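Asks:
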Amino acid sequence: MFAFGEKVEGYDGLMFNEREVRAAAGIVFLFAFMAFMNGFLTGNNEPTKLMVSVFLFDFFIRIFINPKYAPSMVVGRWAVNNQKPEYTDAAPKRWAWSFGFILAVTMFYLVVLNDMRGPINILTCALCLGLLFFEAVFGICAGCKIYNLVHDEKVKHCPGGVCDLTRTKDQIQVLNLTQKIIFSFSLLTLFYVAFGDIINFLIVGK
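Counting from 3, one number per residue, gives the positions in the sequence shown under my numbering.
In structure tokens form, the structure reads like this:
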């Protein structure tokens, strides 16, 4: 009942299915983003309070009971149960999710208990959303990277094999010159469309 990760044949330590973890992160991100934008655009903080409470409850189960019983992880497992598992070490996730739990407690105190509004709330929410987005979309676990920096015993099994320092990129993963030029041109165009009026004002004073 009380464990952090699961035993998988062929692996030494406790493991997670990275596909399940990313699915759970995507689910939490979706509802958190909707609640955050609703509060930001309408001024109605009730959906945000509900989402913060659910977020805190979900991460409490992940840290102090067993992640596989957290609601988001249950739905995540169900959503990807037809896909081949991708196993990753459990230990770094505890580090990452503990940071998420601290953010959840902070938001619960500010938003739910004290109904506070301001830049601190927005920044904290933005940080939570950013971390969830990067894990769900790119498989990048910021807390896991910090884990490797502060622990002598490095993680052996990481999402996408990024822990393997001897691995070289396949040709399909390399950006060629044309791709870089197209991306740079698109970025400059987007920047000019968004801030062109300011740029023109600074240059010609009109």
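All C-beta atoms in this analysis are idealised placements derived from N, C-alpha and C, irrespective of residue type, glycine included.
Remember, it's a predicted structure, so these values are computed and weren't measured experimentally.
Could you check whether residue 107 and residue 54 sit closer than 7 angstroms to each other, using their CB atoms as the reference points?
Replies: As a position in the sequence shown, residue 54 is number 52, starting the count at 1. As a position in the sequence shown, residue 107 is number 105, starting the count at 1. Contact: no.
Asks: Which parts of the stretch 37-71 are runs of the alpha helix (DSSP H), unbroken and 4 residues or longer, counting only runs that do not cross its ends?
Replies: DSSP runs (the alpha helix (DSSP H)) wholly in the stretch 37-71: 48-66.
Asks: Decide yes or no for the touch test of the stretch 150-162 against the stretch 85-92: beta carbon pairs closer than 8 angstroms, at least 3 of them.
Replies: Yes, since at least three Cβ pairs between the stretch 150-162 and the stretch 85-92 fall closer than 8 angstroms, the two stretches touch.
Asks: Please report the distance separating the alpha-carbon of residue 10 from that of residue 41.
Replies: Looking up residue 10 in the sequence shown gives position 8. Looking up residue 41 in the sequence shown gives position 39. Cα to Cα, the separation comes out at about 42 angstroms.
Asks: So for residue 177, helix, strand or coil by DSSP?
Replies: Here residue 177 corresponds to residue number 175 of the sequence shown, with the count starting at 1. Here residue 177 sits in coil by DSSP.
Asks: Helix, strand or coil: which one does DSSP assign to residue 89?
Replies: Here the question's residue 89 lines up with position 87 in the sequence shown. Strand, per DSSP.
Asks: Please work out which residues of its chain come closer than 6 angstroms, Cβ to Cβ, to residue 102, disregarding the five sequence neighbours upstream and downstream, and give them in chain order.
Replies: Taking the sequence shown and counting its residues from 1, one reaches residue 102 at position 100. So the qualifying residues of the chain are 61.
Asks: Which residues bound the beta strand (DSSP E) around residue 16?
Replies: Numbered from 1 along the sequence shown, position 14 holds the residue referred to as residue 16. Segment 16-19, the beta strand (DSSP E) holding residue 16.
Asks: Applying the 10 Å Cβ sphere with the 16-neighbour rule, what's the burial state of residue 29?
Replies: Here residue 29 refers to the residue found at position 27 when the sequence shown is read from its first residue. Under this definition residue 29 is a buried residue.
Asks: CA-CA distance, residue 154 and residue 148?
Replies: Position 152 of the sequence shown, counted from the start, is the residue given in the question as residue 154. Position 146 of the sequence shown, counted from the start, is the residue given in the question as residue 148. Those two C-alpha atoms are separated by around 12 angstroms.
Asks: Along the chain, where does the alpha helix (DSSP H) that runs through residue 127 open and close?
Replies: Stepping through the sequence shown from its first residue, residue 127 is reached at position 125. Note, residue 127: alpha helix (DSSP H), 121-135.
Asks: Thinking just about the alpha-carbon of each residue, which of 24, 126, 6, 25 is nearest to the one in residue 16?
Replies: Taking the first residue of the sequence shown as 1, we reach residue 16 at position 14. Nearest C-alpha to residue 16: 6.
Asks: What residues are listed by DSSP as bridge partners for residue 9?
Replies: Taking the sequence shown and counting its residues from 1, the one referred to as residue 9 is at position 7. DSSP, once it has assigned bridges, lists 16 as partnering residue 9.
Asks: Exposed or buried, residue 94, counting other C-beta atoms within 10 Å across all chains shown (16 or more means buried)?
Replies: Residue mapping note: residue 94 aligns to position 92 of the sequence shown, counting from 1. Buried.
Asks: Whole angstroms is fine: what's the gap from residue 191's alpha carbon to residue 197's?
Replies: In the sequence shown, the residue the question calls residue 191 occupies position 189. In the sequence shown, the residue the question calls residue 197 occupies position 195. Taking the straight line from one Cα to the other gives about 10 angstroms.
Asks: Check the C-beta distance from residue 138 over to residue 24 and give it rounded, since I have them as a contact under 8 angstroms.
Replies: Counting from 1 along the sequence shown, the entry for residue 138 is found at position 136. Counting from 1 along the sequence shown, the entry for residue 24 is found at position 22. Indeed, because the Cβ distance is near 5 angstroms, the residues count as touching under 8 angstroms.
Asks: Nearest by alpha-carbon distance to residue 151: which of 19, 98, 116 is it?
Replies: To locate residue 151, count along the sequence shown from 1; it is residue 149. Of 19, 98, 116, the residue nearest in Cα terms is 98.
Asks: Identify the continuous alpha helix (DSSP H) that holds residue 78 and give its terminal residues.
Replies: In the sequence shown, the residue the question calls residue 78 occupies position 76. From DSSP, the alpha helix (DSSP H) with residue 78 extends over 73-81.
Asks: Round the Cβ separation of residue 35 and residue 131 to the nearest angstrom and send it over; I've been treating them as touching at under 8 angstroms.
Replies: Reading the sequence shown from its first residue, position 33 is the one you call residue 35. Reading the sequence shown from its first residue, position 129 is the one you call residue 131. Sure, about 6 angstroms apart at Cβ, within 8 angstroms.
Asks: Flag this pair as yes or no: are the beta carbons of residue 68 and residue 4 separated by less than 7 angstroms?
Replies: Locating residue 68 in the sequence shown gives position 66, where the first residue counts as 1. Locating residue 4 in the sequence shown gives position 2, where the first residue counts as 1. Going by C-beta atoms, residue 68 is nearer than 7 angstroms to residue 4.
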